[in-house]
Amino acid sequence: MNEWLDPLLLSRWQFGLTTIYHFFFVPLTIGLALTVAIFQTAWYRTDKAKYLQLTHFFGKIFLINFAMGVVTGIVQEFQFGMNWSDYSRFVGDVFGAPLAFEGITAFFLEATFIGLWIFGWDKLPRGLHLATIWLTAIGSTASAYFILAANAFMQNPVAYQMNEEKGRAELTSIGELLTNPIALASFPHTIFACFMVSAGLIISVAAWHLSRNQHLETMRPALKFGLWMMVIAGIATTLAGDQLGLVMVEAQPMKMAAAEALYTTATGANASFSVFTLGTPDGVSELFSVRIPYLLSFLSTHTFDGTVEGINNLQAEYVATYGPGDYTPTIWITYWSFRWMIGLGLAHMLVAVVGLWATRKGRLPRAQWMWKVAIWSFPFSLLAMSVGWVFTEMGRQPWIVFGLMRTQDGVSPGVSGVEILISLIAFTLLYGTLAVVEFRLILRAVQKGPDDAPAVDSESGEIKQTTTVY
1 MNEWLDPLLL SRWQFGLTTI YHFFFVPLTI GLALTVAIFQ TAWYRTDKAK
51 YLQLTHFFGK IFLINFAMGV VTGIVQEFQF GMNWSDYSRF VGDVFGAPLA
101 FEGITAFFLE ATFIGLWIFG WDKLPRGLHL ATIWLTAIGS TASAYFILAA
151 NAFMQNPVAY QMNEEKGRAE LTSIGELLTN PIALASFPHT IFACFMVSAG
201 LIISVAAWHL SRNQHLETMR PALKFGLWMM VIAGIATTLA GDQLGLVMVE
251 AQPMKMAAAE ALYTTATGAN ASFSVFTLGT PDGVSELFSV RIPYLLSFLS
301 THTFDGTVEG INNLQAEYVA TYGPGDYTPT IWITYWSFRW MIGLGLAHML
351 VAVVGLWATR KGRLPRAQWM WKVAIWSFPF SLLAMSVGWV FTEMGRQPWI
401 VFGLMRTQDG VSPGVSGVEI LISLIAFTLL YGTLAVVEFR LILRAVQKGP
451 DDAPAVDSES GEIKQTTTVY
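Quick note: the sequence shown uses the UniProt record's numbering, first residue 1, plus one each step.
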């Protein structure tokens with residue numbers, strides 16, 4: 001029983017639960033902000049009512065999701081002081097800068113202009129009102145960068161000096177911190193993946209209405225847009241992920257070794273990538289596997305004869321560098337999360353490619369199974385991003401700041417396991433309730449569909465702007 005009341009274990013579970021739950025809303029917010037901006041731009045340039053309808057329709061979903069994301073995100077900051085006070089003291093001087101940039105500039109930009117966008121439909125000129133949603137999209141994207149820059153310090157500490165007297169890392173260069181190679185590589189990979197999530201929602205919603213012969217005038221272009229967005233963003237995510245892999249191997253070679261359960265250093269053909277494996281969870285004993293020769297070597301070094309360091313070799317190296325201890329992450333989590341991330345992302349891209357073929361030349365599929373696949377495929381990209389973050393964070397263990405601070409040293413010393421357990425149960429119940437509310441609100445908006453086309457001014461021929469209450 002005592003091990004279940006371990007403050008470290010419960011703190012990790014609580015932070016993982018609240019972080020993943022909050023992250024469900026982040027990619028959809030970022031992707032939908034851009035989507036709504038594109039639809040409104042199309043209306044601004046063409047005056048076609050269908051694009052205004054799509055702007056209002058997906059704008060409602062965007063606002064519901066944005067509100068829930070803000071509420072759940074606030075909890076994250078409190079946890080740094082509540083459950084991870086030693087960690088907060090250690091990185092506070094470094095984290096303060098990017099988090100301040102995120103709050104004062106990016107989030108304020110996003111929050112300010114989203115208000116102008118909501119209430120400015122019949123009060124601002126069309127061009128100025130269009131600018132507000134673009135500034136909202138820019139703010140949400142910039143916010144993601146500052147958060148990723150802070151997280152990159154945990155993966156690859158740069159721009160700091162150790163204050164031994166105070167026992168903390170202190171910032172030496174904000175420019176170097178914001179240009180951390182991990183941040184520069186993870187940002188495009190993350191943002192393009194967010195666009196995949198948004199595209200997945202558009203595909204599912206459009207397919208649901210089209211399968212029922214509803215709102216054909218608006219949902220046909222929405223479906224086409226979502227399919228193309230998925231393919232383009234999927235390709236961009238893959239290319240950006242390849243570059244992130246190179247940087248990851250440079251900064252954290254143990255993470256790549258754990259992703260393949262590679263215990264012995266391998267080169268060339270021996271550095272193969274296992275698509276699927278049966279055996280013990282830790283990968284020590286393998287019964288059967290499907291492997292692609294040279295692929296792990298190529299992913300790690302961009303050469304077919306490159307050397308990939310194994311877990312045993314790196315463990316010995318880390319012991320010599322950092323002292324006695326186990327520096328191996330949980331292998332089965334890193335191995336399978338890496339594959340689920342890739343597999344779910346590719347599956348969603350495949351759905352989009354098949355969808356583009358099935359809807360070529362303006363036709364619509366007749367087979368009901370195709371509509372069902374399109375509708376139920378929405379979670380693919382979202383789950384791919386979630387397990388991708390599990391891989392990123394779990395693959396760094398046992399470090400909370402790689403090479404500087406272990407996770408066990410970052411937990412709050414004055415918080416008991418019982419206290420954390422109570423808050424964990426409370427958060428779980430609260431977030432479960434919020435999930436039901438979020439789902440019902442979005443489902444209601446989706447099922448209602450776009451509003452009727454707005455009236456057209458008889459003299460100017462322009463679409464009349466009206467106040468929209470979301």
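Glycine included, C-beta positions come from ideal geometry on N, C-alpha and C.
These numbers were taken from a predicted model, which means no experiment stands behind them.
Residue i and residue j closer than 8 Å at C-beta
| i | j | result |
| --- | --- | --- |
| residue 274 | residue 290 | yes |
| residue 29 | residue 66 | yes |
| residue 144 | residue 179 | no |
| residue 27 | residue 341 | no |
| residue 37 | residue 94 | no |
| residue 251 | residue 328 | no |
| residue 234 | residue 349 | yes |
| residue 338 | residue 391 | yes |
| residue 408 | residue 218 | no |
| residue 411 | residue 7 | yes |
| residue 130 | residue 40 | yes |
| residue 248 | residue 200 | no |
| residue 401 | residue 82 | no |
| residue 345 | residue 277 | no |
| residue 311 | residue 10 | no |
| residue 364 | residue 210 | yes |
| residue 149 | residue 177 | yes |
| residue 35 | residue 43 | no |
Secondary structure of residue i, DSSP reduced to three states
| i | result |
| --- | --- |
| residue 143 | helix |
| residue 137 | helix |
| residue 290 | strand |
| residue 77 | helix |
| residue 258 | helix |
| residue 21 | helix |
| residue 171 | strand |
| residue 399 | strand |
| residue 215 | coil |
| residue 339 | helix |
| residue 58 | helix |
| residue 406 | strand |
| residue 365 | coil |
| residue 434 | helix |
| residue 65 | helix |
| residue 125 | coil |
| residue 482 | Given a span of 1 to 470 for the chain in the structure shown, any question on residue 482 remains unanswerable. |
| residue 460 | Interpretation of residue 460 is limited by its pLDDT of 46, a score under 50 that renders its predicted location unreliable; the figure taken from the coordinates is listed afterwards. DSSP places residue 460 in coil when its eight states are reduced to three. |
| residue 14 | helix |
| residue 180 | coil |
| residue 271 | coil |
| residue 1 | At residue 1, the pLDDT of 49 sits below 50, so the modelled position is not reliable; the number obtained from the coordinates is stated separately. Reduced to three states, the DSSP call for residue 1 is coil. |
| residue 353 | helix |
| residue 224 | helix |
| residue 83 | coil |
| residue 158 | coil |
| residue 27 | helix |
| residue 48 | coil |
| residue 381 | helix |
| residue 120 | coil |
Which residues DSSP lists as bridging residue i, in chain order
| i | result |
| --- | --- |
| residue 53 | None, per the DSSP bridge assignment. |
| residue 266 | 308 |
| residue 163 | 168 |
| residue 276 | 290 |
Heavy atom of the ligand ATP within 7 Å of residue i beta-carbon
| i | result |
| --- | --- |
| residue 399 | Judged by which ligands are present, the structure shown has none, so any question about the ligand ATP falls away. |
Cutoff 8 Å: residue i Cβ touching any chain C Cβ
| i | result |
| --- | --- |
| residue 315 | No chain C appears in this structure, which consists of one protein chain only. |
Worksheet entry | Inside the segment 296-327 only - alpha helix (DSSP H) runs reaching at least 4 residues | If we require 4 residues or more, the alpha helix (DSSP H) runs fully inside the segment 296-327 come out as 311-322.
Practice prompt. Would you be able to state if there are at least three C-beta pairs under 8 Å between the segment 47-64 and the segment 202-221?
Written response: In short, these stretches touch, since the Cβ pair count reaches three.
Fill in: Three-pair Cβ contact test at 8 Å for the segment 12-20 versus the segment 89-104
With the cut-off at 8 Å, the segment 12-20 and the segment 89-104 do not touch.
Discussion item. Using 8 Å as the cut-off, can you tell me whether the segment 361-378 makes contact with the segment 240-254, which would need three or more C-beta pairs spanning the two stretches below that distance?
Written reply: By the criterion of at least three beta-carbon pairs nearer than 8 Å, the segment 361-378 is not in contact with the segment 240-254.
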